[in-house]
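These notes are about the structure you will find just below.
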Amino acid sequence: MAEKIKFGIIGTGQRAYGAYGRLLTGAFAQEAELVALADTNEKRLKAVARLLDVKGIALYRDYHRMLAETELDAVVVATPDFTHEQVATDVLQAGKHVICEKPLATTVAGCQKILAAQGPEQVLQVGFVLRYNRVYSTAKKLIDDGVIGRVQQIVATDNRRGADYFRRWHRFREKSGGLFNHKSTHILDIVNWIAGGSPTKVVATGGLGVFTPGKWQGERCLTCRHRRECPEYYDLTQEPLKSMYLEAESEDGYIRDVCVFTSEKTTVDHGSALVEYDNGVKASYNLALYAPVNTRQMMVFGDQGKLELDESSRTITLRLSNNADEIEYKVGEQFGGHGGGDAGLVREFIDCVRNKTQPLADAGTGALSCLVSLAAERSVQEGRVISLLDMVQEAKADPMLFRIR
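Quick note: the sequence shown, position 58, residue 58 per the numbering used here, numbers continuous.
Printed below as a string of structure tokens:
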């Protein structure tokens, strides 16, 4: 058996613990070894180490020390979005392979900095787990096989029960790049993938319509007088949230259950974007972060038919222009979060490190989706159509790295 790939994780929040940490110490424990964790919050760091129950794991409050003192092959960057630029760059410059949680960065310049730090032999994978969900990969293969002809139009809807973003740092555009960047980057990446061309311009609209002061008001869920009735009550008193967040508050003052209605925020809770590609494809995307249940659907129109994707039911429906009948593809269940995407992403990363290849969700993919997402945010703020080439040039970045033609 080949030697295990030695992993470190920087950042010990819910993605680090619930996805990467548990996969590396569980399903992939025969191929990977989690040897170090780093986080500035010592209580959360120790709590996650205890929850993962890894004997002899090294713990660091300074990730620079982890990189210098621990023998590592690869590092997962699972820190807040606004830190990715510096952390991912430092890890790449230390010679490690990287999984960077999406979004790649919160600015065009930040993406450029990370891309420039990647060496030719380094694997840099962005956390676009939906590419590894078979609903989307199956649809992509059908489209590439020409079943609906040439793609003309894509219509995507992203309906999320998204209150949680408004009690965390994600609600600040300066920390997440905005929720188009933090959340929509998932589906906008799939749209880019299916469109097959280079996006040229974006126009978007959005606003804050639901998560505003109203009937339910308080400072935080833990002490709120409405906690028994509020539909967005968040219980920090149960594990693992208790030890990861409630008991770690004294370290840095990070309150994980601030009121989603009264909290200060600088991003949208809904929005719509139109994207145009150089091959003639047009795409529309709609985001609602106050939906009662999580659903994602997509329609892909070709000149010979249409595909309808439903992530929740794991179905793909084909309708051909010359045939009234429907063909339904039922995609089987996959192991793990994001419809199997979490495990699929880690699986491919391990294979890429061993085989010295690049992943499907590579650095350029991450930069391009960021660019489209940030253009949507900018369009909302400025009320105009945004040229992606202009955005790249304004940042003095290289269009080729962003796959802009």
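All C-beta atoms, glycine included, are put in the ideal place defined by N, C-alpha and C.
Extent of the continuous alpha helix (DSSP H) run through residue i
i: A27; result: Segment: none, A27 is in no alpha helix (DSSP H) and carries neither H nor E.
i: L374; result: 363–382
i: A49; result: 42–52
Cβ separation of residue i and residue j, assumed to be a contact under 8 Å, to the nearest whole Å
i: G344; j: Y132; result: 3 Å
i: P103; j: G206; result: Contact flag wrong, Cβ pair sits at about 17 Å.
i: V392; j: L371; result: 7 Å
i: E85; j: E251; result: E85 to E251, Cβ: 24 Å. No contact.
i: G197; j: D144; result: 14 Å between Cβ atoms; not a contact.
i: S313; j: V155; result: Not a contact, Cβ separation roughly 17 Å.
i: A78; j: I10; result: 7 Å
i: S387; j: N192; result: At roughly 16 Å, the Cβ-Cβ gap does not stay under 8 Å, so S387 and N192 are not in contact.
i: R256; j: R167; result: 7 Å
i: L318; j: D269; result: Incorrect: roughly 34 Å between the Cβ atoms, too far for contact.
i: V421; j: A395; result: Residue numbering for the chain in the displayed model covers 1 to 405; residue 421 lies beyond these limits and cannot be assessed.
i: L471; j: L142; result: Examination of residue 471 is not possible in this model, given that the chain is present from 1 through 405 alone.
i: T25; j: L52; result: 5 Å
i: V76; j: A16; result: 7 Å
i: T6; j: E71; result: Checking the displayed sequence, the identity of residue 6 turns out to be Lys instead of Thr. Yes, K6 and E71 are in contact; Cβ-Cβ is about 6 Å, under 8 Å.
i: A248; j: A47; result: 7 Å
i: V203; j: L130; result: Contact flag wrong, Cβ pair sits at about 24 Å.
i: T83; j: R173; result: With a Cβ gap of about 15 Å, T83 and R173 do not count as contacting.
i: L309; j: A139; result: 5 Å
i: T365; j: D189; result: 6 Å
i: G149; j: D303; result: 4 Å
i: V151; j: V331; result: Rounded, the Cβ-Cβ distance is 20 Å, inconsistent with contact.
i: Q334; j: R134; result: 6 Å
i: A36; j: G8; result: 4 Å
Residue i: first and last residue of the uninterrupted beta strand (DSSP E) it sits in
i: R249; result: Note on identity: in this sequence residue 249 is Glu, with Arg being the wrong assignment. Looking at the DSSP string, E249 is not in any beta strand (DSSP E); the run it does join, the alpha helix (DSSP H), is 249–252.
i: K6; result: 5–10
i: E33; result: 32–38
i: V68; result: Note that residue 68 is Ala in the sequence shown, not Val. Per DSSP, A68 belongs to no beta strand (DSSP E); it is in the alpha helix (DSSP H), 63–69.
i: L360; result: Counting along the chain, L360 falls outside any beta strand (DSSP E), and DSSP gives it neither H nor E.
i: L59; result: 58–60
As assigned by DSSP and simplified to three states, the class of residue i
i: E308; result: strand
i: V76; result: strand
i: R22; result: helix
i: V353; result: helix
i: T237; result: coil
i: A2; result: coil
i: D398; result: coil
i: D145; result: coil
i: Q217; result: coil
i: R228; result: coil
i: C341; result: The sequence shown places Gly at residue 341, rather than the Cys named in the question. In this structure, G341 counts as helix in the three-state DSSP scheme.
i: R15; result: helix
i: T212; result: coil
i: R347; result: helix
i: V151; result: strand
Contact with chain B by residue i, beta-carbon distance below 8 Å
i: G197; result: Although the question refers to chain B, the structure presented lacks it and comprises just one protein chain.
Whole runs of the beta strand (DSSP E) within the segment 162–203, excluding any shorter than 3 residues
none
Which residue spans inside the segment 82–141 form an unbroken alpha helix (DSSP H) run of at least 4?
84–93, 108–117
Is there contact here, the segment 74–94 with the segment 104–121, by at least three beta-carbon pairs under 8 Å?
yes
Mind listing, in chain order, the continuous beta strand (DSSP E) runs of no fewer than 3 residues lying wholly within the segment 249–335?
270–277, 282–288, 290–302, 305–310, 315–320, 323–330
Would you be able to state if there are at least three C-beta pairs under 8 Å between the segment 151–161 and the segment 276–294?
yes
Are three or more beta carbon pairs between the segment 254–261 and the segment 212–222 nearer than 8 Å?
yes
If contact is defined by three or more beta carbon pairs under 8 Å, each pair taking one atom from either stretch, is the segment 299–314 in contact with the segment 227–237?
no
Specify whether the segment 176–190 and the segment 237–257 touch according to this definition: at least 3 beta carbon pairs, one from each stretch, less than 8 Å apart.
no
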